[in-house]
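Using the working numbering, the first residue of the sequence shown is number 4, and each one after it goes up by one. All C-beta atoms in this analysis are idealised placements derived from N, C-alpha and C, irrespective of residue type, glycine included.
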Amino acid sequence: MRAAMATAEVGDDVLDGDPTMAELQERIAALLGVQAALWVPSGSMGNLIALTAHLQRGDAFLAPAGSHVLDAELGTPAWLAGGMPSPLPHDAGPGKISPDAVIRAAGTPGPYYTLRTTLLCLENTHMSSGGVVTEVDEHAALAAAARRSGLKVHLDGARLWHASVALGLPPAALTVGVDTVQVCLSKGLGAPVGSLVAGTAEFVEEARRLRKMLGGGVRQGGVLAAAGLVALDNIDRLAEDHDRAARLAEGLAELGWPVTTPATNIVLLTPADLPSTLRRLAQAKVLAGPIGGRIRFVTHGDLTDADIDAALHRIGPAEADYGPSRRLA
Ligand SMILES: *Cc1c(COP(=O)(O)O)cnc(C)c1O
């Protein structure tokens with residue numbers, strides 16, 4: 004990846020374009036089955052640009068509770084994009100909302116003094132629920148419900164590659180019916196920086212202006228886009244991360260720890276006492292962090308099966324934390 008960055012062909016992407024940026028943007032648009040895509044420095048900026056384009060001040064937007072746009076972007080959908088967040092409870096299982104809930108929450112347009120709900124923000128995979136995958140038919144039903152209610156749809160697909168690999172389907176199958184989508188080249192795919200926000204050519208023109216306003220335009224961006232092109236070669240490799248997450252979850256369950264069954268590369272553990280289990284993991288030098296009262300383990304390309312086994316060995320049985328007589332769910 005660093006060699007590709009060093010030898011990348013570049014232009015000035017703020018002025019009149021950069022050939023490597025253009026190549027990456029075209030490849031991503033094709034992968035996502037949309038007209039056009041725009042490179043942005045981070046997933047958070049990609050989401051913010053899409054929400055800013057969709058929302059007017061005085062609009063409300065819907066998103067499943069725990070979504071990144073609600074909990075992990077420092078409120079920018081409200082204070083920069085101008086939207087009133089309206090979290091939807093997971094009425095269709097962990098990380099999942101039902102089409103009926105979307106229709107109910109969208110309501111019907113009221114008098115001039117009422118909030119207008121204009122956007123549904125989906126997240127696939129849903130990170131804080133443990134990388135839960137929304138399947139194609141579930142996704143299509145949600146997008147259709149949003150349309151029937153007059154809502155636009157933005158998909159936070161930071162981890163869309165994981166959903167695509169888990170389902171064995173092309174990413175474009177998971178963007179049906181959306182107006183805009185954001186995908187990340189960092190994290191699991193291994194690029195140091197870079198996300199893309201994508202949709203119609205018209206949206207991307209507007210997104211380019213918004214990116215400039217936010218200070219996200221870069222000049223010889225080809226150096227960064229080259230990393231992104233190499234990152235795309237890592238999509239299929241994510242299956243190994245999913246297998247290792249399953250291996251970790253099985254091992255932890257055997258040791259008596261209550262954990263989620265991962266659909267992708269995230270395992271959530273529900274500790275009896277969060278601070279003490281975090282201390283125990285830190286002492287064992289196993290890197291995992293807290294999220295919503297649980298502990299999140301993420302598998303990635305720098306791990307081997309032996310690393311998973313070593314982590315399980317170091318963590319050891321849950322008894323010390325829960326007491327031997329306690330039955331675990
Ligand atoms: C990581 C992530 C983002 C944001 O990406 P950054 O590049 O860290 O800003 C957005 N949504 C989800 C679901 C994520 O996991």
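Query: Check: H303 C-beta below 7 angstroms from any heavy atom of ligand 1; Result: no
Query: Those residues which DSSP pairs with K288 across a bridge; Result: Its beta-bridge partners do not exist; DSSP assigns none.
Query: Cβ distance (whole Å) where V135 is taken to contact G191 below 8 angstroms; Result: Going by Cβ atoms, the distance from V135 to G191 rounds to 15 angstroms, so no, they are not a contact pair.
Query: Backbone CA spacing between A9 and L315 [nearest angstrom]; Result: 39 angstroms
Query: Sequence-distant residues of its chain with Cβ nearer than 8 angstroms to L331 (five each side left out); Result: The predicted model places L331 with a pLDDT of 48, which falls under 50 and marks its position as unreliable; any figure quoted below should be read in that light. If we look at L331 and ignore the five residues flanking it on each side, its Cβ neighbours are G259, W260, P261, A321 and Y325.
Query: Inter-residue Cα distance where the pair is Q223 and D62; Result: 37 angstroms
Query: Burial state of T264, where buried means 16 or more other Cβ atoms lie within 10 Å; Result: exposed
Query: Check whether F206 and T178 have beta carbons under 8 angstroms apart; Result: no
Query: Residues near G220 by beta carbon distance below 6 angstroms, same chain, minus five either side; Result: V17 and R214
Query: D74 beta carbon near ligand 1 (any heavy atom closer than 7 angstroms); Result: no
Query: 8 angstroms Cβ cutoff met for I2 and A210; Result: Shown here, the chain extends from 4 to 332; a query on residue 2 therefore has no answer.
Query: Exposed unless 16 or more other CB atoms sit within 10 angstroms - verdict on R317; Result: exposed
Query: R282, buried or exposed, once every other Cβ within 10 Å from all chains shown has been counted against 16; Result: exposed
Query: Among H71, I311, A104 and R299, the one whose alpha carbon lies nearest that of L277; Result: R299
Query: Proximity test, K190 beta-carbon vs ligand 1 heavy atom, cut-off 7 angstroms; Result: yes
Query: Close-in-space but distant-in-sequence residues of the same chain around L284 (CB under 6 angstroms, 5 per side omitted); Result: A291
Query: Segments of 4+ residues assigned as alpha helix (DSSP H) that fall wholly inside the region 16–49; Result: 22–35
Query: Inter-residue Cα distance where the pair is L1 and L27; Result: Past the boundaries of the shown model lies residue 1; the chain is included only from 4 to 332, so the question cannot be answered.
Query: Extent of the continuous beta strand (DSSP E) run through S89; Result: G86 to L91
Query: Check: D244 C-beta below 7 angstroms from any heavy atom of ligand 1; Result: no
Query: Spatially closest choice to S101 from G113, I311, T137 and T120, by CA coordinates; Result: T137
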